[in-house]
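Enquirer: In the working numbering, the protein residues as written are 47 to 414.
What follows is the structure, encoded as structure tokens:
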């Protein structure tokens, strides 16, 4: 059996035990007070009087809590909000004194009127203080619950906002990628109709796979490589023998969680700012490895450059900035993306995310 105080439930034995401790403390206080005055009663008398006085409040405390719920005290204080709790405390105290006097009438050799006068004279102030102490406890508990509720609501809203931002960032990539791919297909239609048709078919496969695999913000690296392989197939069709790709994937990283479509814009940048702008051949290398508590993914191309100050060349734009924002939203400082120069020529883009394994029911095999 439990006692309910506001939204808090306490076991009956524990609840009565707490009030029993209060009764014993005040019984000891009464005994010591009389002892200092040189006149004491039997210890059992003090315990009996204290129990009669204080065990009235366990029954009244839920009523005090309910009063506090209906008439809370807010800052700044207003008299119009105080008079009902004040009258309620007077009524509760009067009821406690009435119960105590009635019980004492049966345990003491005196009339009810005598017991009433003694209770009013000795316990009225204590009763009022007890009632307001219970009221203060109820207000503190309600404030704590309200604070916790607001923090939970703020956390939920922040999470929803972060998810919305991530969704916006992810959806920005799709039109950007589609625009570039459709532009390449339109160019090929005048030069190589068969290659343009092959690119359209691969684009259809890529979009279908993306819709099937990327329902959440994160997928496994294995799934990400499936999408990337479809994308690279489009680029190989476009650039034919001029583009070479090499993929080095550590086996223990295939089941790691990565943001969906995180590699495609980086590889797109590597191709666009390498073979897409310069004559000759190019080699794009993709590597994944574990580094302590992090998963490191590196995309390298051998036919691109950075500005002298180390910043990205003009046009790296949405792919790189979008990736940085997504990593920051998902992982905070643990998600990083950096550009480095390669010797004697080339650029490497290094992505670092927390190393987190994901259970896979039916893992797919990616052939590089």
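Just so it is clear, CB atoms sit at the ideal spot from N, CA and C, and this is done for glycine as well.
1) Cα-Cα, which of 153, 144, 174, 177 is closest to residue 162?
2) Use the C-beta contact count for residue 298: other C-beta atoms within 10 angstroms, 16 or more gives buried, fewer gives exposed.
3) Ends of the alpha helix (DSSP H) at residue 138?
4) Can you tell me whether residue 282 is helix, strand or coil according to DSSP?
5) At which residues does the alpha helix (DSSP H) containing residue 294 begin and terminate?
6) Using DSSP with H/G/I as helix, E/B as strand and the rest coil, what is residue 357?
7) Hey, how far is the Cα of residue 347 from the Cα of residue 319?
8) Are residue 68 and residue 95 closer than 8 angstroms when you measure CB to CB?
9) Would you decide whether residue 304 is buried or exposed? Buried here means 16 or more other CB atoms lie within 10 Å of its CB.
10) Any contact between the region 140–156 and the region 64–83? By contact I mean 3 or more CB pairs, one from each, below 8 angstroms.
11) What's the gap between the Cα of residue 321 and the Cα of residue 350?
12) Could you please give me the residues that DSSP links to residue 385 through a beta bridge?
13) Taking the continuous alpha helix (DSSP H) assigned at residue 60, which residues delimit it?
14) If I follow the unbroken beta strand (DSSP E) through residue 315, where does it start and stop?
15) Taking the continuous beta strand (DSSP E) assigned at residue 264, which residues delimit it?
16) With DSSP as the reference, please indicate the residues paired to residue 329 in a beta bridge.
17) How far does the alpha helix (DSSP H) with residue 404 in it extend, from its first residue to its last?
18) So residue 108 is in the alpha helix (DSSP H); what residue range does that whole segment cover?
19) Measuring CB to CB, does residue 135 end up less than 8 angstroms from residue 174?
20) For residue 118, collect the residues of the same chain with a Cβ closer than 7 angstroms to its Cβ; drop the 5 residues on either side in sequence, then sort them by chain order.
21) Is there contact here, the region 242–251 with the region 273–283, by at least three beta-carbon pairs under 8 angstroms?
22) Is residue 88 buried or exposed, if buried means 16 or more other CB atoms sit within 10 Å of its CB?
23) List the endpoints of the continuous beta strand (DSSP E) containing residue 344.
24) With distances taken from CA atoms, which of 229, 273, 284 is nearest residue 240?
25) Can you pull the DSSP bridge partners for residue 337?
26) Can you tell me which of the three DSSP states residue 172 falls into?
27) Would residue 268 pass as a contact of residue 301 if the rule is Cβ separation under 8 angstroms?
Expert: With the structure as the only source:
1) Against the chain shown, residue 162 aligns to sequence position 116. Cα-wise, what sits closest to residue 162 is 144.
2) What you label residue 298 is simply residue 252 of the chain shown in a count that begins at 1. Under this definition residue 298 is an exposed residue.
3) Here residue 138 refers to the residue found at position 92 when the chain shown is read from its first residue. Unbroken alpha helix (DSSP H) run through residue 138: 125–153.
4) As a first step, residue 282 is located in the chain shown; it is residue number 236 there, counting from the start. It is helical.
5) The residue labelled residue 294 in the question sits at position 248 within the chain shown. Careful: residue 294 lies outside any alpha helix (DSSP H), inside the beta strand (DSSP E) at 289–295.
6) On the chain shown, position 311 is the one that residue 357 refers to. Legend: pLDDT at residue 357 = 48, less than 50; position of this residue unreliable, no value from coordinates given.
7) Counting from 1 along the chain shown, the entry for residue 347 is found at position 301. Counting from 1 along the chain shown, the entry for residue 319 is found at position 273. Residue 347 and residue 319: Cα-Cα distance of roughly 9 angstroms.
8) Here residue 68 is taken as the residue at index 22 of the chain shown, counted from 1. Here residue 95 is taken as the residue at index 49 of the chain shown, counted from 1. No, Cβ-Cβ distance for residue 68 and residue 95 is not below 8 angstroms.
9) As a first step, residue 304 is located in the chain shown; it is residue number 258 there, counting from the start. Counting Cβ neighbours within 10 Å, residue 304 comes out buried, since at least 16 surround it.
10) no
11) For the purposes of this step, residue 321 is taken as the residue at position 275 of the chain shown. For the purposes of this step, residue 350 is taken as the residue at position 304 of the chain shown. Looking at the two C-alpha atoms, the distance is approximately 8 angstroms.
12) Position 339 of the chain shown, counted from the start, is the residue given in the question as residue 385. DSSP, once it has assigned bridges, lists 395 as partnering residue 385.
13) For the purposes of this step, residue 60 is taken as the residue at position 14 of the chain shown. That run of the alpha helix (DSSP H) goes 58–83.
14) Here residue 315 is taken as the residue at index 269 of the chain shown, counted from 1. Residue 315 -> not in any beta strand (DSSP E); alpha helix (DSSP H) instead, spanning 310–318.
15) Counted from its first residue, the chain shown places residue 264 at position 218. Residues 264–266.
16) Position 283 of the chain shown, counted from the start, is the residue given in the question as residue 329. The partner list for residue 329 (beta bridge, DSSP) reads 290.
17) Position 358 of the chain shown holds residue 404. Segment: none, residue 404 is in no alpha helix (DSSP H) and carries neither H nor E.
18) Position 62 of the chain shown, counted from the first residue, corresponds to residue 108. 103–116 is the span of the alpha helix (DSSP H), which, as asked, contains residue 108.
19) Here residue 135 corresponds to residue number 89 of the chain shown, with the count starting at 1. Here residue 174 corresponds to residue number 128 of the chain shown, with the count starting at 1. Yes.
20) The sequence position of residue 118 within the chain shown is 72, counting from 1. Only 185, 188 meet the Cβ criterion.
21) yes
22) If you number the chain shown from 1, residue 88 lands on position 42. Classification for residue 88: exposed.
23) Along the chain shown, one-based indexing puts residue 344 at 298. 340–347 is the extent of the beta strand (DSSP E) around residue 344.
24) Here residue 240 corresponds to residue number 194 of the chain shown, with the count starting at 1. For residue 240, the nearest C-alpha among the options comes from 284.
25) Here residue 337 is taken as the residue at index 291 of the chain shown, counted from 1. Partner(s): 340.
26) Looking up residue 172 in the chain shown gives position 126. Helix.
27) As a working note, residue 268 is residue 222 in the chain shown. As a working note, residue 301 is residue 255 in the chain shown. Yes, Cβ-Cβ distance for residue 268 and residue 301 is below 8 angstroms.
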